[in-house]
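The opening position of the sequence shown corresponds to residue 78 in this note's numbering, with each subsequent residue numbered one higher.
One structure below.
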Amino acid sequence: MAAYSLPKRLLHWYAVVAAASVSLLICSGGLVTSHEAGMAVPDWPNTFGYNMFLFPVSRWVGGVFFEHTHRLIASTVGLLTVILCVALFIIEERRWVKTLGVIAVAAVVVQGILGGLRVTENNPVLGLFHGCLAQSFFALMATIALVTSRFWERLEQAGTVRNEATNHRSTRHPAGLASEAALHKSPLTSHLSLLTSCRRWVIAITGMVFLQLALGASMRHSHAGLSIPDFPLNYGHLFPPLDSASIDKINQARGAAAQPYTSAWLILLQYVHRIWAVLIVAGLVFTSVRLLRNRFLPLFFRRCASVWILLVFVQFCLGAWTVLSNKAADVATAHVFCGALTLMLGVLLAVSLSGLLHYSHKVLSHSSLSQSIELGTV
């Protein structure tokens with residue numbers, strides 16, 4: 078395998094910058110929704126008839142500022158993504174990584190079109206899909222940064238470099254992964270099933286996080302405010318009242334406070350969002366602890382598991398703060414951003430565990446073949 082050369086290092090760090098720009102775009106989009114500024118600029122791709130890039134700075138005020146800067150950041154992200162794809166085709170040797178670059182370009186194009194149609198059609202449902210795709214796109218860009226990193230290079234070398242196993246001089250690979258001989262003889266062999274189980278749990282929890290983000294996006298794009306204004310109870314009860322009389326009484330109070338009306342469906346949606354959050358916290362902590370207790374895993378995985386636990390607790394607290402602050406724009410946006418980070422880290426863990434399992438099985442297969450040759454059975 079080729080060495081981790083300077084062009085590859087530069088490609089990786091460029092991918093990191095591109096992924097970070099997507100996180101900035103998500104924050105910008107969160108501010109647009111939190112400030113109810115999605116229709117502050119009513120046309121697209123122009124801005125009040127101007128070319129988007131020539132719109133006078135003096136008119137960047139109020140909601141126009143949030144929506145217009147969001148479009149400019151989105152354009153920058155699109156350009157960075159196209160450049161990343163071109164760089165992958167020039168520098169990368171792995172076809173599947175190049176394919177990820179093509180998918181990223183397709184995703185950012187679709188994302189831009191969805192954002193534009195959300196304005197021209199004034200359709201909140203399109204805004205919902207726009208928000209969910211943004212989270213997925215962020216995870217994809219972070220994955221590209223991961224698979225172009227030195228860590229992934231070493232992960233692949235664990236399945237292709239056999240010098241240590243041949244010489245029997247070491248039982249540990251420089252990347253922190255077991256060598257062939259160690260993998261074949263050490264307890265790690267019996268732990269591959271445990272790693273497979275951990276990966277399934279990580280994928281399941283990450284899927285739950287994505288569904289939670291979709292539920293949150295549905296609530297935000299309903300533009301109905303806080304359908305359940307108290308926390309941790311729900312209108313003073315463990316389960317919110319959903320009968321017609323209670324809904325009428327709730328809407329009378331909301332109307333008197335100049336708040337938008339709600340419905341039994343929106344109240345139930347927020348309640349499910351809360352219950353689902355508790356399930357995610359429990360499942361994520363359980364899964365992360367399993368990763369932390371597995372001493373055969375490289376340090377990278379244990380660090381990611383620790384950060385994942387931290388993120389989910391911060392996210393839970395931000396969700397509570399969003400309610401208690403009556404959806405303060407900065408708090409709600411931080412809640413969106415932390416959710417994106419939680420999803421992204423789950424995806425990176427799932428991808429990394431898949432890579433570890435793939436190359437570990439590859440090493441074990443090579444080791445078994447070598448033993449068979451030595452014994453004369455092949």
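In this text, a Cβ means the ideal position worked out from N, Cα and C, and glycines have one as well.
These numbers were taken from a predicted model, which means no experiment stands behind them.
*Which residues mark the beginning and the end of the alpha helix (DSSP H) in which Phe377 is found?*
Position 300 of the sequence shown, counted from the first residue, corresponds to residue 377. First-last of the alpha helix (DSSP H) with Phe377: Leu376 to Leu401.
*Tell me where the alpha helix (DSSP H) around Leu87 begins and ends.*
Sequence index remark: in the sequence shown, residue 87 carries index 10 (1-based). Leu83 to Ser111 is the extent of the alpha helix (DSSP H) around Leu87.
*Would Thr419 pass as a contact of Val389 if the rule is Cβ separation under 7 Å?*
The residue given as residue 419 occupies position 342 in the sequence shown. The residue given as residue 389 occupies position 312 in the sequence shown. Yes, Cβ-Cβ distance for Thr419 and Val389 is below 7 Å.
*Burial state of Gly332 (16 or more Cβ within 10 Å)*: As a first step, residue 332 is located in the sequence shown; it is residue number 255 there, counting from the start. Counting Cβ neighbours within 10 Å, Gly332 comes out exposed, since fewer than 16 surround it.
*Quick one: what's got a C-beta closer than 8 Å to Ala181's C-beta in the same chain, skipping five residues either side?*
Indexing the sequence shown from 1 puts residue 181 at position 104. The residues are Thr158, Leu161, Cys162, Phe214, Leu217, Met218 and Ile221.
*Proximity to Pro122 [Cα-Cα], best of Ser98, Ala151 and Leu101*: Counted from its first residue, the sequence shown places residue 122 at position 45. Answer by Cα proximity: Ala151.
*Return the first residue and the last residue of the alpha helix (DSSP H) that Arg195 is part of.*
In the sequence shown, counting from the first residue as 1, residue 195 sits at position 118. Arg172 to Thr197 is the extent of the alpha helix (DSSP H) around Arg195.
*asked:* So if DSSP puts Asn311 in a beta bridge, which residue, or which two residues, is it bridged to?
replied: Looking up residue 311 in the sequence shown gives position 234. The partner list for Asn311 (beta bridge, DSSP) reads His314.
*Which stretch, first to last residue, makes up the alpha helix (DSSP H) that contains Leu131?*
Along the sequence shown, read from residue 1 onward, the residue named residue 131 stands at position 54. Neither: Leu131 is in no alpha helix (DSSP H) and is coded neither H nor E.
_With three or more C-beta pairs closer than 8 Å as the rule, is the segment 166–177 touching the segment 190–204?_
no
*Which residues in the same chain as Cys415 place their Cβ atom closer than 8 Å to its Cβ, once the five residues preceding and following it in sequence are excluded?*
Working through the sequence shown from its first residue, we reach residue 415 at position 338. Leu388, Val391, Gln392 and Leu395, listed in sequence order.
*asked:* My output table needs one value for Thr153: the three-state DSSP class, helix, strand or coil.
replied: By one-based count along the sequence shown, residue 153 stands at place 76. The three-state secondary structure of Thr153, taken from DSSP, is helix.
*Please go through the same chain and pick out, in chain order, the residues whose beta-carbon is closer than 7 Å to the beta-carbon of Leu271, but skip the five residues on each side of it.*
Numbered from 1 along the sequence shown, position 194 holds the residue referred to as residue 271. Once the five neighbours on either side are set aside, the close Cβ partners of Leu271 are Asn371.
*Out of curiosity, what's the CA-to-CA distance linking Ile344 and Gly284?*
For this step, residue 344 is matched to residue 267 along the sequence shown. For this step, residue 284 is matched to residue 207 along the sequence shown. Each residue's alpha carbon lies about 23 Å from the other.
_Closer than 8 Å is the cut-off here; do at least three beta carbon pairs connect the segment 333–340 with the segment 300–310?_
yes
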